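Undergrad: Be aware that the sequence shown starts at 556, since it is given in the numbering used here, and climbs by one per residue.
Positions of the beta carbon are idealized from the N, C-alpha and C atoms, including for glycine.
Since we're looking at a predicted model, the values are computed, not measured.
Sharing a structure below in structure tokens format, with a few things to ask.
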Amino acid sequence: MSEIQPLLQVKNLITVFQTKREVIKAVNDVSFYLNKKEILGVVGESGSGKSATALSIMQLLKPAEGRVESGKIIFTDNNKNTDLILLTEKEKQKFRGKDIAMIFQGPASSLNPVMNCGNQVVEILRVCYGLNSKDAHNRTLELFKKVKLHEPEIVFNAYPHQLSGGQKQRVMIAIAISCNPSVLIADEPTTSLDVTAQASIIKLLKHLQQENGMSIIFITHDLGVVYGFADRLLVMHRGKIVEEGITKEVFHHPVHPYTKGLLACRPALHMNLYKLPVISDFMETDASGRLIEKLISVDEIRNSLNKNDAAEKIRSNNIYKEKPFISVTDISVHFPVRHTALRRNKDVIKAVSNVSFNIYKGETLGLVGESGCGKSTLGKALLNLVRTANGDVQYLDRNLTALSVDEMRPLRKNLQLIFQDPYSSLNPRLTAGDAIVEPMKEFSLYSNDNSRKEFAMHLLKKVGMDETHFKRYPHEFSGGQRQRIGIARTLALNPEFIICDECVSSLDVSVQAQVLNLLNDLKVEFGFTYLFISHDLSVVKFMSDRVMIMHQGQIVETGSTDELYANPKSEHTQKLIDAIPKLD
């Protein structure tokens, strides 16, 4: 431990959550420290105990669900040590915000939807400093400028739904630093943001940390984000810290097999793998639940998963010598705009502008761009799920954009969409099995319910789940499991063409690797054709044969995956590549 008194010390922390079936130790005897002006990274999969540790420090656990069972959380100020666990609720409230503040994972759900963004900061400033309305208003505008929000007066009057994800996250940061805390806990602050927005948030946090002299606990499952940002790193697994050290030392010389697995799971731009390594390649659990390391190196596993370049060239030649499977010509999508504080003097938003391209049978075409560039809208336009202003989408010699709802219905069996959010894309009132059976009923597939149920069971196994999951509801599954159920539901109709719309953006890097491998395996087995939409260029490079770069509603560059990444011609493409976190 550092010779200087740490700003924050967590000692032998045990945090438990009560379920109907059992008591779960979410944080199991965790100890660590945070020095003044230090950035401490905390990485691990969902369920590893990262957020539970943060909520324990903030003393924000709901009594009915979780509690700190034992341990100490010592905050040091002016040589005075305070155990936060022993404070009364009133005393805890004085610490929150002023001494320790937190940026929560989902800015959309953390901001009050019925209060404009400015007043959400004003409210805190008035409580924290006792400012009058005018002074609080002016201080809020200063904070918005500080977190690099353009047109702060307009943002002040805007409601959360009128802002982009990156803007909402900046408002959350303004709220968190409004009382000038000594410790800032950032819980997954860049999850689901595109690479450029992610890079700008990281740059902003680093600037604020240096300017204000804060210490930061930065929680993430994205290893690329934390590299080059955090001074030290903790790796958590099943409620315990399994590795800790100087960030670059942990990255370049990982000791624990779990850390090795996490690092290997992340798609890398400089490799051409047909399959991503997963954590089970490096470790397994014996009958007693003890972790056992497999004696194999990251390089050995990656070398065994390298693509066969000659075979890939033959496959590629076979794909592109055929006529296009789907042809898109001059597609445009315009949305009418209500005049609001954020948008003035515009009658329409041109979400997609005169886009043309072909998709070939058996390929995976990647579509990359920042949030708001029109990726998802273009995907929906291909399936005739949004009205187009002009253009054609030719499939089976029919123009899909000209078809009515009834005319499209029989074609929808062959044209499917895997949605971005595994949490909202499943009906909470349907079991996993019923969600898979439902589309089969809709299209009258198979002779009876028993046959459909049997096939649904088969699909659950196909996506790495088991028959016991058939009768469970969505809330009983993790995000990765829900996404697998969504994939199984898509497979139920045996489609020809699947649009994957940011389908792994909210998943842990290890779960993401499993889902990407699954999608590739299914593509080979069933002969699928994919349009793979993502803001993560490293993921798109792993998945795709060709890549299109989209910017402000237009395709600015198209090319083979390797060529585009090696020699980007568009300035915007280069900007996206430069924004990818590098592990040098």
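When you compare each of Leu972, Pro977, Val1064 and Val992 to Phe1032 by their alpha carbons, which one comes out closest?
TA: Taking the sequence shown and counting its residues from 1, one reaches residue 1032 at position 477. Answer by Cα proximity: Pro977.
Undergrad: Out of Asp584, Gly599 and Tyr588, which one is the CA nearest neighbour of Val1064?
TA: Along the sequence shown, read from residue 1 onward, the residue named residue 1064 stands at position 509. With distances taken between Cα atoms, Val1064 lies closest to Gly599.
Undergrad: In the DSSP output, which residue or residues are listed as bridge partners for Ile925?
TA: For this step, residue 925 is matched to residue 370 along the sequence shown. Per the sequence shown, residue 925 should be read as Glu rather than Ile. DSSP output for Glu925 lists no bridge partner at all.
Undergrad: From this set, Val669, Thr745 and Leu589, which residue's C-alpha is nearest Asp777's C-alpha?
TA: Looking up residue 777 in the sequence shown gives position 222. Per the Cα distances, Thr745.
Undergrad: Which of the three DSSP states is assigned to Phe998 in this structure?
TA: Here the question's residue 998 lines up with position 443 in the sequence shown. Note: Phe998 maps to coil in three-state DSSP.
Undergrad: Cα separation between Val677 and Ile559?
TA: Locating residue 677 in the sequence shown gives position 122, counting from the first residue. Locating residue 559 in the sequence shown gives position 4, counting from the first residue. Answer to the nearest angstrom: the Cα atoms are 36 Å apart.
Undergrad: Does the structure place the segment 809-825 close enough to the segment 843-858 that three or more beta carbon pairs sit under 8 Å?
TA: A contact exists between the segment 843-858 and the segment 809-825.
Undergrad: I want to know whether the segment 993-1008 touches the segment 1041-1050 - three or more CB-CB distances under 8 Å.
TA: Output reads yes: the segment 1041-1050 touches the segment 993-1008.
Undergrad: With distances taken Cα to Cα, identify the nearest neighbour of Lys1124 among Lys701, Val910, Val960 and Ile1110.
TA: Looking up residue 1124 in the sequence shown gives position 569. Closest by alpha carbon: Ile1110.
Undergrad: Give every residue of the same chain whose Cβ lies closer than 6 Å to the Cβ of Val1066, excluding the five residues on either side of it in the sequence, and list them in chain order.
TA: Stepping through the sequence shown from its first residue, residue 1066 is reached at position 511. Hits under 6 Å: Gly1035.
Undergrad: Suppose you measure from the CA of Val726 to the CA of Val923; what does that come to, to the nearest Å?
TA: As a first step, residue 726 is located in the sequence shown; it is residue number 171 there, counting from the start. As a first step, residue 923 is located in the sequence shown; it is residue number 368 there, counting from the start. Answer to the nearest angstrom: the Cα atoms are 26 Å apart.
Undergrad: Mark Asn945 as exposed unless 16 or more other C-beta atoms lie within 10 angstroms of its C-beta, in which case mark it buried.
TA: For the purposes of this step, residue 945 is taken as the residue at position 390 of the sequence shown. When all chains shown are included, Asn945 counts as exposed.
Undergrad: Starting from the Cα of Val910, find the closest Cα among Pro891, Gly604, Thr943 and Tyr950 and give me that residue.
TA: For the purposes of this step, residue 910 is taken as the residue at position 355 of the sequence shown. Val910 has its Cα closest to that of Thr943, out of Pro891, Gly604, Thr943 and Tyr950.
Undergrad: If we call anything under 9 Å between Cβ atoms a contact, is Gln564 one with Ile655?
TA: Locating residue 564 in the sequence shown gives position 9, where the first residue counts as 1. Locating residue 655 in the sequence shown gives position 100, where the first residue counts as 1. No, Cβ-Cβ distance for Gln564 and Ile655 is not below 9 Å.
Undergrad: Pull up the CB-CB distance for Ser668 and Pro715, whole angstroms please, since I reckon it's below 8 Å.
TA: Here the question's residue 668 lines up with position 113 in the sequence shown. Here the question's residue 715 lines up with position 160 in the sequence shown. It should be pointed out that residue 668 corresponds to Pro in this sequence rather than to Ser. The Cβ separation is near 6 Å, so the contact holds.
Undergrad: What three-state label does DSSP hand Tyr684 in the structure shown?
TA: Counted from its first residue, the sequence shown places residue 684 at position 129. If DSSP states are grouped into helix, strand and coil, Tyr684 belongs with the helices.
Undergrad: From what residue to what residue does the beta strand (DSSP E) around Ile732 run?
TA: Position 177 of the sequence shown, counted from the start, is the residue given in the question as residue 732. Counting along the chain, Ile732 falls outside any beta strand (DSSP E), though it belongs to the alpha helix (DSSP H) covering Gly720 to Ile732.
Undergrad: At which residue ranges does the segment 1047-1125 contain complete beta strand (DSSP E) runs of 3 or more residues, listed in the order of the chain?
TA: If we require 3 residues or more, the beta strand (DSSP E) runs fully inside the segment 1047-1125 come out as 1052-1056, 1084-1089, 1101-1106 and 1109-1115.
Undergrad: Going by alpha carbons, who is nearest to Ala802 out of Asp786, Asp952 and Val810?
TA: What you label residue 802 is simply residue 247 of the sequence shown in a count that begins at 1. According to the sequence displayed, residue 802 carries Thr and not Ala. The residue with the shortest Cα to Cα distance from Thr802 is Asp786.
Undergrad: Just to confirm my understanding: we take Ser557, look at its own chain, exclude 5 residues before and 5 after, and list those with CB closer than 6 Å. What are they?
TA: Taking the first residue of the sequence shown as position 1, residue 557 is located at position 2. Confidence at Ser557 is low in this model, with a pLDDT of 43, below 50, so its placement is unreliable and the value that follows should be read with caution. Here the set comprises Asn590.
Undergrad: May I have the straight-line CA-CA distance separating Thr986 from Ile579, to the nearest angstrom?
TA: Position 431 of the sequence shown, counting from 1, holds the residue named residue 986. Position 24 of the sequence shown, counting from 1, holds the residue named residue 579. The straight-line gap from Cα to Cα measures roughly 24 Å.
Undergrad: Are the beta-carbon atoms belonging to Ile1135 and Ser1093 less than 9 Å from one another?
TA: Residue mapping note: residue 1135 aligns to position 580 of the sequence shown, counting from 1. Residue mapping note: residue 1093 aligns to position 538 of the sequence shown, counting from 1. Yes; because the gap between Cβ atoms is below 9 Å, this pair is in contact.
Undergrad: How many Å lie between Ser688 and Tyr1120 at the Cα?
TA: Here residue 688 refers to the residue found at position 133 when the sequence shown is read from its first residue. Here residue 1120 refers to the residue found at position 565 when the sequence shown is read from its first residue. About 52 Å.
Undergrad: Could you spell out the range, first to last residue, of the beta strand (DSSP E) harbouring Phe587?
TA: On the sequence shown, residue 587 is found 32 positions in, with the first residue counted as 1. Counting along the chain, the beta strand (DSSP E) containing Phe587 begins and ends at Val578 to Leu589.
Undergrad: With burial defined as no fewer than 16 other Cβ atoms inside 10 Å of the residue's Cβ, what is the status of Met1105: buried or exposed?
TA: The count along the sequence shown starts at 1 and reaches residue 1105 at position 550. Result: buried.
Undergrad: Residue ranges of each beta strand (DSSP E) run of no fewer than 3 residues wholly in the segment 561-645, ordered along the chain?
TA: Listed in chain order, they are 563-573, 578-589, 594-598, 621-632 and 635-638.
Undergrad: Given that a residue counts as buried once 16 or more other Cβ atoms are within 10 Å of its Cβ, and exposed if not, what is Gln724?
TA: Here residue 724 refers to the residue found at position 169 when the sequence shown is read from its first residue. It counts as buried.
Undergrad: Just to confirm the assignment, what range does the alpha helix (DSSP H) spanning His516 have?
TA: Outside the shown range of the chain (556 to 1139) lies residue 516, about which nothing can therefore be said.
Undergrad: Below 8 Å on the Cβ atoms is my guess for His792 versus Ser603; work out the distance and round it to an integer in Å.
TA: If you number the sequence shown from 1, residue 792 lands on position 237. If you number the sequence shown from 1, residue 603 lands on position 48. At roughly 5 Å, the Cβ-Cβ gap stays under 8 Å, so His792 and Ser603 are in contact.
Undergrad: By a C-beta neighbour count over all protein chains shown, 10 Å radius and 16 as the cutoff for buried, is Leu595 buried or exposed?
TA: Counting from 1 along the sequence shown, the entry for residue 595 is found at position 40. Under this definition Leu595 is a buried residue.
Undergrad: I'd like the span of the alpha helix (DSSP H) that includes Met1176, first residue to last.
TA: The requested residue 1176 does not occur in the structure, where the chain is confined to residues 556 to 1139.
Undergrad: In the DSSP assignment, find the unbroken alpha helix (DSSP H) run with Thr956 in it and report its ends.
TA: Working through the sequence shown from its first residue, we reach residue 956 at position 401. Counting along the chain, Thr956 falls outside any alpha helix (DSSP H), and DSSP gives it neither H nor E.
Undergrad: Since His792 is in the beta strand (DSSP E), which residue starts that stretch and which ends it?
TA: Your numbering for residue 792 matches position 237 in the sequence shown. Arg787 to His792 is the extent of the beta strand (DSSP E) around His792.
Undergrad: How many angstroms separate the CA atom of Thr956 from the CA atom of Lys916?
TA: Sequence index remark: in the sequence shown, residue 956 carries index 401 (1-based). Sequence index remark: in the sequence shown, residue 916 carries index 361 (1-based). Approximately 20 Å, taken between the alpha carbons.
Undergrad: Here's the rule I'm using: 16 or more other beta-carbon atoms within 10 Å means buried, otherwise exposed. How should Gly768 be labelled?
TA: The sequence position of residue 768 within the sequence shown is 213, counting from 1. Classification for Gly768: exposed.
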